Amino acid sequence: MADQLAAPQLKIYNEDPQIKTPNLDKLAERSVVFDSAYCTSPLRAPSRMAMITGQPPSEIGAYDNASPRLKTHHEGSVSAEWYDGKAFGRTIDVASAPP
C-alpha cells in the first residue's frame with residue numbers, strides 16, 4: 002500500500018515523475034486505477050485502520066492518531082503481522098500474505 006504519494010509522483014499520471022516507482026508502475030499497468038478516492042478521516046491512523054478493517058473510524062473508535070482503540074484493532078487486524086513499519090522507505094519487489 003502506498004498511501005502517502007501525490008498523483009504527479011506516479012508515472013501513470015505524469016510522464017516525468019519526481020520519483021521512480023517501478024513496482025507501482027507495473028501494478029498500475031495491470032490494475033484498475035481510481036482517479037477519485039476519498040479517505041474516511043483526514044488523520045493518517047484512523048484512515049489507514051478504516052481501510053484495513055473495512056469499517057469507518059466512528060465504528061472502531063479511531064478519532065485521532067493516538068486513539069487507544071487503534072492498538073486493539075492493530076493487534077486483531079489481518080495485517081498485524083506485517084503492518085509494523087519495517088517496510089517503510091524500502092523498495093519491495095514482491096508482496097505476499099503473512100505466513
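According to the working numbering, the stretch in the sequence shown is residues 2 to 100, in order. Just so you know, even glycine gets a beta-carbon here, dropped at the ideal spot from N, CA and C. Being a predicted model, the structure only gives us computed values, none of them experimental.
Hey, how far is the Cα of residue i from the Cα of residue j?
{"i": "V34", "j": "A67", "result": "31 angstroms"}
{"i": "L11", "j": "T41", "result": "23 angstroms"}
{"i": "E16", "j": "P47", "result": "33 angstroms"}
{"i": "R45", "j": "Q5", "result": "9 angstroms"}
{"i": "K21", "j": "K27", "result": "12 angstroms"}
{"i": "L25", "j": "S32", "result": "10 angstroms"}
{"i": "G55", "j": "A7", "result": "23 angstroms"}
{"i": "P43", "j": "D36", "result": "18 angstroms"}
Assuming the contact rule is C-beta atoms closer than 8 angstroms, residue i and residue j should be a hit. Round their C-beta distance to whole Å, please.
{"i": "P57", "j": "Y64", "result": "About 11 angstroms separates the two Cβ atoms, so there is no contact after all."}
{"i": "I13", "j": "A29", "result": "4 angstroms"}
{"i": "M50", "j": "I61", "result": "6 angstroms"}
{"i": "P9", "j": "P18", "result": "7 angstroms"}
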